[in-house]
Amino acid sequence: MINVKFQCTSDSQKKGEEKKLSLIVKKNYSPFYAGLACKEIGAAFKDFPIKPKYFVAEEKGEIRGFAGFMASRIDYCVYDICRVNVEPKYQGQGIGSQLIKKIIKTIKSYQGIHKASMVMLTACKPKFYEKFGFKTVSRYKRDDCLMVLKISK
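The opening residue of the sequence shown carries number 14 in my numbering; numbering runs sequentially from there.
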């Protein structure tokens, strides 16, 4: 397994980081989704009321993957995981699993009004997320599905 250093993005993150991250989305999906990802990730660096947080997996200063999460706009005890992406040539080496574990651990650490009750995501590879305890609650077109991980209180 690759040794990965995790960094949580913040306002101090250098400008242009969202473009590097969206290039990974482009490799995994399409230019259209890369454009959407660039805008969404860019929101993490601006004055957005509910800021997404991203963990970036790096090796020797090179980005290998990233994943984000944010509190739901409807219920602050529900969190959405978004944009889980790993460079294609580094997939299957545990980077995605490390990112998901890091996000779940971070979400579980929140207390007070932000104490998590549930984590949601839309997945095209449900088997990957099932190993972390996520359950499918709804299916969409193709292989996409809505998945939920309940956090015990």
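Cβ atoms here follow ideal geometry from the backbone N, Cα and C, with glycine treated the same way. Only a predicted model underlies this, so the values are computations on that prediction, with no experimental measurement involved.
Scanning 116, 87, 106, 149 for the CA closest to the CA of residue 96 turns up 116. Bounds of the beta strand (DSSP E) holding residue 78 are 75 to 84. For residue 117, the uninterrupted alpha helix (DSSP H) run begins and ends at 108 to 122, by DSSP. Excluding its 5 nearest sequence neighbours in each direction, residue 99 has C-beta neighbours in its own chain below 6 Å: 78, 108, 109, listed in chain order.
Per the coordinates, the alpha-carbon of residue 55 lies some 32 Å from the alpha-carbon of residue 165. The distance from the Cβ of residue 80 to that of residue 67 is about 7 Å, consistent with a contact at the 8 Å cut-off.
Counting of Cβ neighbours within 10 angstroms places residue 87 among the exposed residues, the total staying below 16. Using a Cβ distance threshold of 8 Å, residue 91 and residue 160 do not count as a contacting pair. Short of 6 Å from the beta carbon of residue 147, and not among the five residues preceding or following it, lie these beta carbons of its own chain, in chain order: 160, 162. With respect to the 8 Å criterion, residue 76 and residue 49 are not classified as neighbours on the basis of their beta carbons. Fully contained in the region 133 to 161 are the following beta strand (DSSP E) runs of length 3 or more, in chain order: 148 to 152. Shortest Cα-Cα distance from residue 154 to any of 138, 142, 128 involves 138. Looking at 74, 135, 123, the one whose alpha-carbon comes closest to that of residue 157 is 135. In this structure residue 104 is not in contact with residue 70, their Cβ atoms being roughly 12 Å apart against a cut-off of 8 Å.
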